[in-house]
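> Note that this note's numbering has the sequence shown beginning at 15, numbered continuously upward.
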Amino acid sequence: MAGFKYLNKLQGKRILVLGGSSGIGFAVAQAAVEHGAVVYISSSKQARVDNAVTRLQTFAKEVGLPSDKIFSKTCDLSNVDTLESNITELLDFATADGKLNHVVLTAGDALNPPPLKDITLNQLHKSSTVRFYSAIFLAKLLPKYVVSDSSSSLTLSSGSKTKRPDPNWSIITAQGGALEGAVRGFAMDLRPIRVNLIELGIVETEFLEHIPEQVRGQLLATHAKANLLGKVGTPEDVAEAYLYCLKDSFVTGTTIVTDGGMLVGGSE
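(1) Taking a contact to mean a Cβ-Cβ separation below 8 Å, would you say Glu-213 touches Gly-173 in this structure?
(2) When you compare only the Cα positions, how much space is there between Ser-141 and Ile-150?
(3) In the DSSP assignment, what are the bridge partners of Gly-247?
(4) If you run the structure through DSSP and keep just helix, strand and coil, what is Lys-239?
(5) My assumption, with CB atoms under 8 Å, is that Leu-155 sits in contact with Thr-109. Please give the rounded CB distance.
(6) If you run the structure through DSSP and keep just helix, strand and coil, what is Asn-115?
(7) Let's test the definition: count the other Cβ atoms within 10 Å of the Cβ of Gly-34 and tell me whether it reaches 16, buried, or not, exposed.
(8) So what's Gly-173 in DSSP terms, helix, strand or just coil?
(9) On a CA-only basis, which of Gly-215, Val-52, Ala-51, Leu-70 is nearest Asp-179? Give me that one, please.
(10) Closest by CA to Gly-190, which one among Ala-43, Gly-122, Asp-203?
(11) Taking the Cβ atom as the reference point for each residue, do Leu-211 and Leu-170 lie within a distance shorter than 8 Å?
(12) Which same chain residues end up closer than 7 Å to Ala-255 when comparing Cβ atoms and leaving out the 5 residues on each side of it in sequence?
(13) Considering only the beta carbon of each residue, do Thr-143 and Val-94 sit closer than 8 Å?
(14) When we look at the beta-carbon of Met-202 and count the other beta-carbons within 10 Å, is it buried (16 or more) or exposed?
(15) Rounded to whole angstroms, what's the CA-CA distance from Ile-55 to Tyr-20? Just pull it up for me.
Shown next, in the form of structure tokens:
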């Protein structure tokens, strides 16, 4: 691939995906493997990262690529008391052989905050730890661990419900809006490292498996009608948005939307 101008932009690059054991994070990690990158993934459970590494190694062999450039480590982002130390430990591990080129944060937790009228400070902290606080501490620590160049990047994740919320989603909407603002600030403070945000519509992943099957089917059908394309996204669809942010060394401080046109509106 040495003669290609575009296809080899990620070849040999060192990429860390937090939340890379399933769903969108796994698709991003798999795409990075396909592009010839050295890939590190993390998740909160050892069994999940072990399974994901096996799947990625199998995929690499199937497409004729080395399977020994895939690494993993657990990292719990849900405990606010150990959040910074856990991220530091992960970054130390991922840079033992050299600095990273790209970091992607796709980790999330269950979207079930209480209604605004019932919110407490403890609940607010709990719902913010993975989705907001982890991004802040990751950005804080990043300069030590990532090559300081415009070819390097940090890519974060949010949802289109930030702009089109459901009832009782005030807290999630606030967190998403705060993250959009934070990305612009991070891009200023971390330059020349680029920082961007992927704003996602509903994507069918293992994350939805905790919802009963009948309810899940109705939910997916409703969201499919709520966008212009009449379908829900797949991890492979939206992984392309992350790849774009990794590859385009002139994009920073912005939000990339991949939601099937949900913000424009569908036929619901």
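Yeah, the Cβ is synthetic: ideal placement off N, Cα and C, and Gly gets one too.
From the atom records:
(1) The sequence position of residue 213 within the sequence shown is 199, counting from 1. The sequence position of residue 173 within the sequence shown is 159, counting from 1. Cβ atoms of Glu-213 and Gly-173: closer than 8 Å.
(2) The sequence position of residue 141 within the sequence shown is 127, counting from 1. The sequence position of residue 150 within the sequence shown is 136, counting from 1. Counting only the Cα atoms, Ile-150 lies some 14 Å from Ser-141.
(3) In the sequence shown, counting from the first residue as 1, residue 247 sits at position 233. Answer is Val-217.
(4) As a first step, residue 239 is located in the sequence shown; it is residue number 225 there, counting from the start. Assigned with DSSP and collapsed to three states, Lys-239 falls in helix.
(5) As a first step, residue 155 is located in the sequence shown; it is residue number 141 there, counting from the start. As a first step, residue 109 is located in the sequence shown; it is residue number 95 there, counting from the start. Taking a contact as a CB-CB distance under 8 Å, the pair Leu-155 and Thr-109 does not count as one, their CB atoms being some 11 Å apart.
(6) The sequence position of residue 115 within the sequence shown is 101, counting from 1. Correct three-state label for Asn-115: coil.
(7) For the purposes of this step, residue 34 is taken as residue 20 along the sequence shown, with counting starting at 1. With a threshold of 16 other beta carbon atoms within 10 Å, Gly-34 meets it and is buried.
(8) Translated into the one-based positions of the sequence shown, residue 173 becomes position 159. Of the three classes helix, strand and coil, the one that applies to Gly-173 here is strand, per DSSP.
(9) By 1-based counting over the sequence shown, the position of residue 179 is 165. Rather than Asp, the amino acid found at residue 179 in this sequence is Pro. Checked all of Gly-215, Val-52, Ala-51, Leu-70; the closest Cα to Pro-179 is Gly-215.
(10) Taking the first residue of the sequence shown as position 1, residue 190 is located at position 176. Looking at Ala-43, Gly-122, Asp-203, the one whose alpha-carbon comes closest to that of Gly-190 is Gly-122.
(11) As a first step, residue 211 must be located in the sequence shown, where it is residue number 197. As a first step, residue 170 must be located in the sequence shown, where it is residue number 156. Taking 8 Å as the cut-off, the Cβ atoms of Leu-211 and Leu-170 count as close.
(12) Residue 255 sits at position 241 when you count from the first residue of the sequence shown. Counting only Cβ-Cβ distances below 7 Å, and skipping sequence neighbours, we find Ile-212, Ile-270, Thr-272.
(13) The residue labelled residue 143 in the question sits at position 129 within the sequence shown. The residue labelled residue 94 in the question sits at position 80 within the sequence shown. Yes, these two residues count as a Cβ contact at 8 Å.
(14) One-based indexing of the sequence shown puts residue 202 at position 188. Exposed, because fewer than 16 other Cβ atoms sit within 10 Å of the Cβ of Met-202.
(15) By 1-based counting over the sequence shown, the position of residue 55 is 41. By 1-based counting over the sequence shown, the position of residue 20 is 6. So the alpha carbons of these two residues sit roughly 24 Å apart.
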